[in-house]
Amino acid sequence: MISSVNPALKMVAILIPGVLLSFSFDIFTPLAYLIFVVAFTFMFSNIPVKKWLLVFTPFVFLALGFAWMTMLYTSEGFSGGSVLFEFWWFEVTTGGLMVGISLALRSLCFVALSLMFILTTDSTKFMLSLMQQFKLPPKLTFGILAGYRFLPTFKHEFEVLRQAHRIRGIGRAKGVKGRIEQFRRYAIPLMANAIRKAERVAIAMESKGFTGETDRTHYHHMTIGKKDWAFFASIVGTFFIVIITSYQLGYLNIFGRQF
Amino acid sequence: MKNQHLNQGDMKRSNLTPLIRVENLSFDYDKKGPSLIHNISFSLNEGEVTLLMGASGSGKSTVSLCLNGLYPEAVEGYSEGNIYFRGQEISQFEKGELNQQIGIVFQDPESQFCMVTVENELAFTMENIQTPREEMASKMDDVLEAVGLTDLKERPIHELSGGQKQKVALASVLLLEPELLILDEPTANLDPVSSLEFVELVNQLQKDRGMAVFIIEHQLDDWISFTDRVLALSREGELFADGSPDHVFQKYEKRLVSEGVHLPKDIQSSSLHPATRTTDDLGGETVSIQNLDFKRKKKTILSEVNFSLYQKEFVAIVGENGAGKSTLLQVMAGILTPNKGNITFLNQPLKQWGEQSLRQKMGFVFQNPEHQFITDTVYDELAFGMKLNGTPEQEMKEKIDELLRHFQLQNHLWSNPFSLSGGQKRRLSVATMLDETPELLLFDEPTFGQDAKTTEELMSMVLELKNKGTTIVFVTHDMDLVDQYCERTFVLNKGKVAFQGSPDELWKKEEVLVEARLRLPYRIRKQRTEAGEVYDLVR
Chain F
700 MISSVNPALK MVAILIPGVL LSFSFDIFTP LAYLIFVVAF TFMFSNIPVK KWLLVFTPFV
760 FLALGFAWMT MLYTSEGFSG GSVLFEFWWF EVTTGGLMVG ISLALRSLCF VALSLMFILT
820 TDSTKFMLSL MQQFKLPPKL TFGILAGYRF LPTFKHEFEV LRQAHRIRGI GRAKGVKGRI
880 EQFRRYAIPL MANAIRKAER VAIAMESKGF TGETDRTHYH HMTIGKKDWA FFASIVGTFF
940 IVIITSYQLG YLNIFGRQF
Chain D
831 MKNQHLNQGD MKRSNLTPLI RVENLSFDYD KKGPSLIHNI SFSLNEGEVT LLMGASGSGK
891 STVSLCLNGL YPEAVEGYSE GNIYFRGQEI SQFEKGELNQ QIGIVFQDPE SQFCMVTVEN
951 ELAFTMENIQ TPREEMASKM DDVLEAVGLT DLKERPIHEL SGGQKQKVAL ASVLLLEPEL
1011 LILDEPTANL DPVSSLEFVE LVNQLQKDRG MAVFIIEHQL DDWISFTDRV LALSREGELF
1071 ADGSPDHVFQ KYEKRLVSEG VHLPKDIQSS SLHPATRTTD DLGGETVSIQ NLDFKRKKKT
1131 ILSEVNFSLY QKEFVAIVGE NGAGKSTLLQ VMAGILTPNK GNITFLNQPL KQWGEQSLRQ
1191 KMGFVFQNPE HQFITDTVYD ELAFGMKLNG TPEQEMKEKI DELLRHFQLQ NHLWSNPFSL
1251 SGGQKRRLSV ATMLDETPEL LLFDEPTFGQ DAKTTEELMS MVLELKNKGT TIVFVTHDMD
1311 LVDQYCERTF VLNKGKVAFQ GSPDELWKKE EVLVEARLRL PYRIRKQRTE AGEVYDLVR
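Protein chains in written order, with the numbering used here: chain F, 700 to 958; chain D, 831 to 1369.
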């Protein structure tokens, strides 16, 4: 199961294909990899399909938007090939279309990879594993965790503030100027409270013996085992298999250079 | 029983070297002017329960953080004098070493944790003091059992109630196995029954483990029965009393009252008498609520609420945390819309009121005064409503002058509202609602965490308004306040009105009280104890 993979290694496994994919400008490579990532996600995790689609779908539209813009404004280096159609002053070429579709597929790959990470990773364990595997200082990791706890409180406080202002006779802000003014009115009490709370938490942490030093024992001992490397190998390995296949079939295109 | 306990305390004191010795401690955030804490000296003895009193803002919490060496470094303050832990100057301890000897539970349940679940939070403490991993699980189970939270081990902390959160804080501190346990107003944000539970838990743990306990508090009642010694801090940051509770309360009664400390009700009981609850001279109907339902995400918060409120009436809405009290208040104020039912305000449906005229006739005071401030100065804050209503300049100036005088804010006309003291903020938050005398004034737990003086000031302002004809509604946990001031009270339990009527009637209905987790006011408890009836809600 993906959820039990060491989070730090999981992050690396996802970052490698994520970064390398940005250089491939053909259609085959990202498409093949996208199919693999989606299949892998559903085979090795119990994320409900509905939940996944709910997060994924908006990005499909965003990706289509990207593709459309790229298609219309492809730089000359990529816009080779015959002219498909023209309207107004735009000229859409096969090269442009290819680059556009490729970009959309690449964006969807990033989204699918990120979802695979976010939906299967516990934030606490992620931080602990960054600290234990990558030697991130405890000061930083526990700081981030403490901040993470504030998110629900922040939302609640914002709600209360909105009500309090309504009681004082301030309705919904109108216009840009009104909105800026409203933001300023909300920001000061919210910030004042956040700073005070952060200070209190810091003091509470120190009073429980937290020093920020690295010599501490670990309740959750995060390890990297065979299963974690197996995950790493399948995610990164498959990526290179896809690249090689793409090269052999003659599709591979890196930065506009066909191989 | 109590005297016997005190004598034990006296004996302990004479036999042992002090656990903590504070000599001529002064502290301030900057070097200008008189210091916040001024030249105080005292000792805390092994195994002794000591209580520190003082009005809010007198520097009580600061003292506790000086004891474990976090202050002055953590806030870049200045301090003078010496503090010794078992004879050794605290600056000689290594970082984190002293914190293991001295555990602190803080006031705010929301901001003393850094992990999401109870389990991880407790683990955090043990990791800090390098408990070997093999021992962690059993230690965690032991401490959870000691505080009675075994079932909540895997729950996220933010889903717990305030009382449960404070128990988690206590548990994580106990894992340090401290010699001294400092409790910094740990029950200030809890409802009365949770608060009593917490106090009894501390009492039990102290007896079992024999550690010294240092309590900082201005609501003394529940603690005083097992306190060995009392210290009192003045507004000027000087220590003016140190001795057994009986001795201190006899000798310094007047001084304590003038400092704004809540005296134990044992001593001030002469001044506690119920309101004269006349319902004859009430005026017309202000609010009428019929068949009200309110749901939040399909979860029913309020159901079938029916009642009317009248002019010149002081009504309290009481009940456990989460019973729907604040929601009911917000629905009455028209800032939440009910799913079903009718609300009539001054004989006109609430929905038909224009926003501006509604806000003129109705005021709402929030629990945290800071939420209500929207401008940069006290003057603008008071003028805000009047400017919105288009009040003429001259009239506005006069009105503001009057409000400033009345609420003793003359010297802070151009101060930023956020820079005022706790009591001043509370007064200003009420003053902003009074640009015109409202017909209905709603308060959401206005006396929470306030010292005696602030509470008293607030109540006299409220009574004055009531006599002018305003209907007053308090959401509160303070049953003594209900007993002392209110004509009627509504008990909310799980979203339903479980009782409505005079508080005197309510005190007789034990079933309702137990169900809604309410405590009797001190006056009634005392009467019943004297009559020989044993009454304790917690067990």
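For each residue, glycine too, the CB sits at the ideal point set by N, CA and C.
| query | Using 8 Å as the limit for Cβ to Cβ distance, is MET966 of chain D near chain F? | reply | yes
| query | Secondary structure at PRO836 of chain F, three-state DSSP: helix, strand or coil? | reply | coil
| said: For a test of the three-state rule: what should DSSP assign to SER873 of chain D, helix, strand or coil? | reply: strand
| DSSP three-state assignment for ALA1071 of chain D, whether helix, strand or coil | strand
| task | Confirm, please, whether the CB-CB distance from THR1300 of chain D to THR1262 of chain D is below 8 Å. | result | no
| Can the beta-carbon of SER775 of chain D be found closer than 8 Å to that of ASP1014 of chain D? | Coverage of chain D is limited to positions 831 through 1369, which leaves residue 775 of chain D absent and any answer about it impossible.
| field | Nearest candidate by alpha-carbon position, reference ARG1358 of chain D, set D:GLU1340, D:GLU1345 and D:ALA1346 | value | D:GLU1340
| Using DSSP with H/G/I as helix, E/B as strand and the rest coil, what is ILE800 of chain F? | helix
| Applying the criterion that 16 or more other CB atoms from any shown protein chain within 10 Å of the CB defines a buried residue, is ILE734 of chain F buried or exposed? | exposed
| Proximity winner among D:LYS995, D:ASP1096, D:LEU1233 and D:LEU1293, relative to LEU1258 of chain D (alpha-carbon distances) | D:LEU1233
| Quick one, are the C-beta atoms of ILE811 of chain F and VAL754 of chain F less than 8 Å apart? | The amino acid at residue 811 of chain F is misidentified as Ile; the sequence shows Ala. No, they are not a contact pair.
| query | How would you label ILE934 of chain F, buried or exposed, when you count the other beta carbons within 10 angstroms and need 16 or more for buried? | reply | buried
| query | CB of GLU1287 of chain D to nearest heavy atom of the ligand ADP: below 7 Å? | reply | In the structure on display, the ligand ADP does not appear, and there are no ligands present to speak of.
| said: Considering just the uninterrupted stretch of the alpha helix (DSSP H) at MET1216 of chain D, what are its terminal residues? | reply: 1208-1219
| request: Taking 8 Å as the cut-off, decide whether the C-beta atoms of LYS1142 of chain D and GLY1184 of chain D are in contact. | output: no
| message | Three or more C-beta pairs under 8 Å: does that hold for the stretch 722-733 of chain F against the stretch 801-809 of chain F? | response | yes
| query | Can you give the Cα-Cα distance for PHE825 of chain F and THR1157 of chain D, rounded to whole angstroms? | reply | 38 Å
| task | Over the uninterrupted alpha helix (DSSP H) stretch that includes GLY877 of chain F, give me the two end residues. | result | 874-906
| message | Which same chain residues end up closer than 6 Å to GLN1190 of chain D when comparing Cβ atoms and leaving out the 5 residues on each side of it in sequence? | response | GLU1266
| query | Does DSSP put MET831 of chain D in a helix, a strand or coil? | reply | Because the pLDDT at MET831 of chain D is just 40, under 50, the model does not fix this residue reliably, and the point stays unresolved.
| said: Considering Cα atoms alone, identify which of D:ARG1318, D:GLN942 and D:LEU1350 is closest to THR1106 of chain D. | reply: D:ARG1318
| field | Proximal residues of chain D, C-beta to C-beta of PHE909 of chain F below 7 Å | value | ASN958
| task | Assess, as a yes-or-no matter, whether the stretch 939-952 of chain D is touched by the stretch 912-919 of chain D under the definition of 3 or more beta carbon pairs within less than 8 Å. | result | no
| In this structure, what does DSSP give as the bridge partners for ASN912 of chain D? | D:GLU853
| query | Within the 8 Å Cβ cut-off, does ILE934 of chain D reach chain F? | reply | yes
| message | Buried or exposed for THR913 of chain F, going by 16 or more other Cβ atoms inside 10 Å? | response | exposed
| message | Just to confirm, is the Cβ distance from ASN962 of chain F to ASP927 of chain F under 8 Å? | response | This structure does not reach residue 962 of chain F, given that chain F is present from 700 up to 958, and the question cannot be answered.
| What in chain D is Cβ-close to GLN862 of chain F, meaning under 9 Å? | GLN1160, ALA1163, ILE1165, LEU1166, PHE1194, PHE1196 and HIS1201
| said: Determine, for MET921 of chain F, whether the minimum Cβ-Cβ distance to residues of chain D falls below 8 Å. | reply: no
| So is MET883 of chain D in contact with chain F if we call contact Cβ pairs under 8 Å? | no
| said: Measuring only the C-alpha atoms, how far is LYS1129 of chain D from GLU989 of chain D? | reply: 16 Å
| query | Name the chain D residues that come within less than 8 Å of THR728 of chain F, Cβ to Cβ? | reply | Going along chain D, no residue has its Cβ under 8 Å from THR728 of chain F, so there is no contact; the nearest lies around 39 Å.
| query | From this set, F:ALA903, F:ARG878, F:TYR772 and F:PHE909, which residue's C-alpha is nearest GLN960 of chain D's C-alpha? | reply | F:PHE909
| field | Distance, VAL935 of chain D Cα to GLY924 of chain F Cα | value | 40 Å
| Three-state secondary structure (DSSP) at ALA863 of chain F? | helix
| said: Taking 8 Å as the cut-off, does the stretch 922-937 of chain D touch the stretch 857-868 of chain D (at least 3 CB pairs, one atom from each stretch)? | reply: no
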